[in-house]
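Written out below as structure tokens is the structure these notes cover.
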Amino acid sequence: MSRVAQKVGLERTHLYRKLKQLGIQFSRRQNKTEETDKD
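Right, here's the structure in full:
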């Protein structure tokens, strides 16, 4: 989540808040897959 926040220019806590406001579900578990490793 830290990398996502950095890429979109938000602090991590603000990103969590924004996701909650938008009703987007997120998991705090870190799942490594080929999809998440691609840039």
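Numbered according to my numbering, the sequence shown spans residues -16 to 22.
Cβ coordinates follow ideal geometry from the N, Cα and C atoms, glycine included.
Where residue i and residue j are concerned, what is the direct C-alpha to C-alpha distance, given to the nearest angstrom?
| i | j | result |
| --- | --- | --- |
| Arg0 | Glu(-6) | 10 Å |
| Gln(-11) | Thr(-4) | 11 Å |
| Lys3 | Ser10 | 12 Å |
| Arg(-14) | Ile7 | 18 Å |
Assuming contact is defined by CB atoms lying nearer than 8 Å, are residue i and residue j in contact in what I supplied?
| i | j | result |
| --- | --- | --- |
| Leu(-2) | Met(-16) | yes |
Counting only beta-carbon separations shorter than 8 Å, does residue i have a partner in chain C?
| i | result |
| --- | --- |
| His(-3) | Protein chains in the displayed structure number just one, and chain C is not present. |
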